[in-house]
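In the numbering used here, the protein residues as written are 7 to 289.
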């Protein structure tokens with residue numbers, strides 16, 4: 007059963023049946039707004055992080071809260087599992103990155119590598135490297151075996167998200183200056199800079215990059231969704247019709263087949279789009 011999870015400022019995480027567009031579970035446990043949800047790669051568990059400074063681990067089948075992880079001194083903005091589901095990384099407004107053992111809930115490492123809030127954490131495909139981004143304009147790559155910083159990348163604005171491509175050969179980095187950087191790990195150089203949104207300071211959502219299809223998708227505060235087919239040099243822009251406030255902390259996700267697009271926004275709506283037609287199929 008295909009499922010997706012949404013985290014909201016209403017303090018809840020909701021798990022949805024994708025093809026039936028029906029609510030499967032409502033997860034209640036946080037006392038403040040949720041900032042992000044991270045799926046385990048076995049699809050059996052998910053983690054939620056919140057302004058209440060905690061991270062909760064959930065059983066997706068039963069809706070039971072299995073663990074509560076405390077340690078961050080400020081709101082926790084992001085979380086992600088490694089591909090073996092043996093580590094959970096989190097980043098927060100306290101400028102730290104914490105590594106957790108999801109089987110016990112114990113903190114196994116603290117990485118104090120940023121000087122401003124940490125905006126995203128993501129693992130490489132082989133789980134050997136953790137990538138972090140921050141409002142300090144930096145991205146850092148960390149060796150997950152010894153927790154040492156391998157590389158530091160500097161950008162000219164707040165970095166809102168950073169993620170590996172599916173083959174872990176490139177990084178996709180977005181900033182508040184409406185720029186998307188594609189950075190080669192092998193050559194240690196930026197191979198492409200994409201600018202597409204109308205106004206400055208409006209790319210706030212994590213991007214999606216499908217290596218197999220060369221698809222790059224961005225949501226923004228300008229109420230447009232941008233889709234780049236990098237392999238065929240095609241750029242499509244469409245308005246998020248019917249979506250209320252596709253704004254700050256809006257997210258976009260693409261199905262593995264590159265057929266459907268999901269957007270969520272501060273207006274409290276989830277919308278599915280058929281990419282070929284750029285039309286919402288449900289709201």
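We put the beta carbon where it would ideally sit given N, CA and C, even for glycine. In this text the structure is predicted, and so the values were computed from the model without any measurement.
- Residue 146 counts as buried, since no fewer than 16 other beta carbons sit within 10 angstroms of its beta carbon.
- Note on geometry: alpha-carbon atoms of residue 164 and residue 129 lie some 20 Å from one another.
- Under DSSP, residue 74 shares a beta bridge with 62.
- As computed with DSSP, residue 127 is found in a beta bridge with 138.
- In the DSSP assignment, residue 181 forms a beta bridge with 165.
- Along the length of the stretch 82-127, whole alpha helix (DSSP H) runs at least 4 residues long do not occur.
- Beyond the five residues adjoining it in sequence on each side, residue 162 comes within less than 8 Å, by CB distance, of 143, 181 and 183 in the same chain, given in chain order.
- In its chain, beyond the 5 residues on either side, 91 have a beta carbon closer than 7 Å to the beta carbon of residue 48.
- In this structure, the CA atom of residue 11 is about 32 Å from the CA atom of residue 156.
- The residue from 150, 114 and 63 with its alpha-carbon nearest to that of residue 131 is 150.
- Rounded to the nearest angstrom, the Cβ distance from residue 83 to residue 123 is 6 Å, consistent with a contact under 8 Å.
- Looking at the backbone, the Cα of residue 121 and that of residue 100 are separated by about 9 Å.
- Residue 18 and residue 65 have their C-alpha atoms spaced approximately 15 Å apart.
- In the DSSP assignment, residue 12 falls within the unbroken beta strand (DSSP E) covering 9-13.
- If you draw a straight line from the Cα of residue 116 to the Cα of residue 104, it is about 5 Å long.
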